[in-house]
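Numbering (my numbering), first residue to last: 397 to 1067. Cβ coordinates follow ideal geometry from the N, Cα and C atoms, glycine included. Just so it is clear, the structure is predicted and the values come from calculations on it, not from any experiment. Shown next, in structure tokens, is the structure this report addresses.
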């Protein structure tokens, strides 16, 4: 430890005379210095990492305050730890917000505190189940799994809206509470089961991606979506069986003038302005095609962290001072024992490093060639001018001073060569750039590598975290696209079981695929890239948005029976009687997903914004385009086979004209 300023200055000059460290541990131009810490694998992947990082931060904070030195942190263990804390904070925030939104929506719709209390009890239990599932499977709370509890709140409330609406419809019809609750289970249970199943399928599709985070997200979400269905279908009838029947003020929402006016307006559009709906859909499709052509696939390792957050700004500091933060490595196999220690090989490595130096994205390299240069400098009493490769006269006695493998003690050379001295690596740090730039650099490097190390004599691979991320992103995007296709096929099969008609499956999917295309177009126009955090939006939105089509079409099929296969009357009946629940549930879902736009993570913000947009588009598509298609293609679609489904659903009122009569009166009064 130096005892005086001159002694400290002398040590500093000695360090500055070591070119090996310049650009690696120190920046002589700015006097920035780097301290590197390594965690062992056991601590790295355990909860103990959190305490270690916290202790390090506390000690560094004391040092920084005492010496008035600005300190920056970075590194993947540090970033993982800090993002986990951010996720835990956001989990609590989103839980509170989702509960508030759901409670407010339920009270506005049903005008009853009981209609708020019991659904909230159900979703609270479902959230406990989510946390229990994470514990059972030993999964961590990540950016993705942290989204599941608030999602379950919204999906659970959607279930309760359909069940309570049915209960109120039934009770208003005959005034028998027990009969009304029984019909809730009989007539709405299967439909609710299928809608939850399609939603679960949208999430479960992530299981095939091969990505650990997405697989955990898919497993936990799918299981608990079906769990919230079980809670809803059992607890709603049971709890309401102990309560007093609903009063007239609780049933007023069934005759809500604003909602009724909206439904009547939709009926008018479908009945009298079908061509305008089709032209509008074609216009949106053209818009989608143009927008999709602007889509790009890219991503960064820390892409989701906000750019004003200390994690990101500290990372930029390291990038500015030391020109990189992400490992990028070139491994070289000479195919010969002690091939690395040949001077010709070391010269080739040095030449390759000169090529790497031409890329501003790379930091100073670290390799066996740098060790040889440092050995030569040491041989000449630390003269910095001698930091270079030895010539033919110098190489024999200088190479002899390099550490060997004879001792069991690990030396610095162990980090760069194998025990046979036939394989080595060049390590550099790469700037935080996108996948397109990484691919460009890789493509430009390969010819230079093949020139210096002919493929017939050497095996040279480009690897490192940045390259793994590049390959992983491409692999993941492809797998997510496959998972979306799988979700589409599975949902199509479920719809086929419901309607026993391929034609009806196609027609029911069209209004739900158009919003997906619109979302892709919006991403193109807003320059939101296709990456793992955005492509998962489509599977989620598809699984949820198709719920409205299921409720509408199941009611339409039942209306056909009671209207003697009068297609026009059945479409209007289904539209009038399911429109309330479709609008109510979509409003809850829209604002439920919108809360994720408050996240500090870019990917979570994208999920919130884009899924909300998709669900809003899907609502209008299912209310306008789907009924229009049914009316225009009525004879082509409707056959007796359509009346014989493999899965029998009862949705809304199948033996009453109460709601239709109400709307008929409204139509007559408005005409």
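Could you have a look at residue i and say whether DSSP puts it in helix, strand or coil?
i, result
"residue 823", "strand"
"residue 698", "coil"
"residue 572", "coil"
"residue 726", "strand"
"residue 1067", "Only weak support is given to the placement of residue 1067: the predicted model assigns it a pLDDT of 46, under 50, and the question is left unresolved by the model."
"residue 693", "strand"
"residue 762", "strand"
"residue 429", "strand"
"residue 721", "coil"
"residue 829", "coil"
"residue 664", "helix"
"residue 422", "strand"
"residue 435", "coil"
"residue 796", "coil"
"residue 539", "coil"
"residue 415", "coil"
"residue 884", "helix"
"residue 954", "helix"
"residue 599", "helix"
"residue 1059", "Confidence in residue 1059 is poor, its pLDDT being 43 and thus under 50, which makes the residue's placement too unreliable to answer from."
"residue 705", "coil"
"residue 577", "helix"
"residue 1071", "Here the chain comprises residues numbered 397 to 1067, so residue 1071 is not present and cannot be evaluated."
"residue 546", "helix"
Identify which residue in the options has its Cα closest to the Cα of residue i.
i, options, result
"residue 978", "1015, 675 and 936", "1015"
"residue 787", "439, 777 and 773", "773"
"residue 542", "501, 592, 594 and 481", "481"
"residue 642", "691, 574 and 411", "574"
"residue 506", "571, 981, 868 and 453", "981"
"residue 935", "918, 913 and 950", "913"
"residue 533", "577, 604 and 609", "609"
"residue 597", "606, 607, 583 and 613", "613"
"residue 639", "508, 504, 830 and 880", "508"
"residue 921", "683, 767 and 930", "683"
"residue 946", "903, 958, 931 and 985", "903"
"residue 500", "489, 513 and 488", "513"
"residue 660", "1019, 1029 and 1025", "1019"
"residue 650", "964, 567, 790 and 739", "567"
What residue range does the alpha helix (DSSP H) around residue i cover?
i, result
"residue 449", "444-463"
"residue 467", "Careful: residue 467 lies outside any alpha helix (DSSP H) and carries neither H nor E."
"residue 408", "401-412"
"residue 671", "670-688"
"residue 915", "898-921"
"residue 1121", "For residue 1121 there is no data in the structure shown, the boundaries of the chain being 397 and 1067."
"residue 375", "Absent from the structure is residue 375, since the part of the chain shown begins at 397 and ends at 1067."
"residue 967", "963-990"
"residue 640", "Residue 640 -> no alpha helix (DSSP H), and no H or E assigned at all."
"residue 736", "Counting along the chain, residue 736 falls outside any alpha helix (DSSP H), and DSSP gives it neither H nor E."
"residue 755", "No alpha helix (DSSP H) holds residue 755; DSSP gives it neither H nor E."
"residue 516", "510-532"
"residue 1016", "998-1016"
"residue 1023", "1022-1028"
Could you please give me the residues that DSSP links to residue i through a beta bridge?
i, result
"residue 855", "729"
"residue 926", "693"
"residue 813", "820"
To which residues of the same chain is residue i closer than 6 Å at the C-beta, ignoring the five residues directly before and after it?
i, result
"residue 617", "544 and 599"
"residue 1001", "993 and 995"
"residue 1051", "Only weak support exists for where residue 1051 lies, its pLDDT of 45 falling under 50; the value from the coordinates is given anyway. If we look at residue 1051 and ignore the five residues flanking it on each side, it has no Cβ neighbours."
"residue 845", "856"
"residue 604", "879"
"residue 696", "828 and 830"
For residue i, I'd like the list of residues in its chain whose CB is within less than 8 Å of its CB, leaving aside the five on either flank, ordered along the chain.
i, result
"residue 491", "523, 545, 546 and 549"
"residue 933", "915, 1002, 1003, 1006, 1007 and 1010"
"residue 410", "778"
"residue 700", "539, 929, 997, 998, 999 and 1000"
Looking only at its own chain, which residues have a Cβ that is under 7 Å from the Cβ of residue i, when we skip the five neighbours before and after it?
i, result
"residue 888", "901 and 905"
"residue 629", "581, 585 and 588"
"residue 737", "795 and 817"
"residue 966", "952, 955, 956 and 959"
"residue 645", "507"
Using beta carbons (cut-off 8 Å, strictly below), is residue i in contact with chain D?
i, result
"residue 494", "In the displayed structure, chain D is absent; only one protein chain is listed."
Examine the ligand FMN and report whether any of its heavy atoms sits within less than 7 Å of the Cβ of residue i.
i, result
"residue 527", "Summarising the ligand content, the structure contains no ligands, and the ligand FMN is consequently not present."
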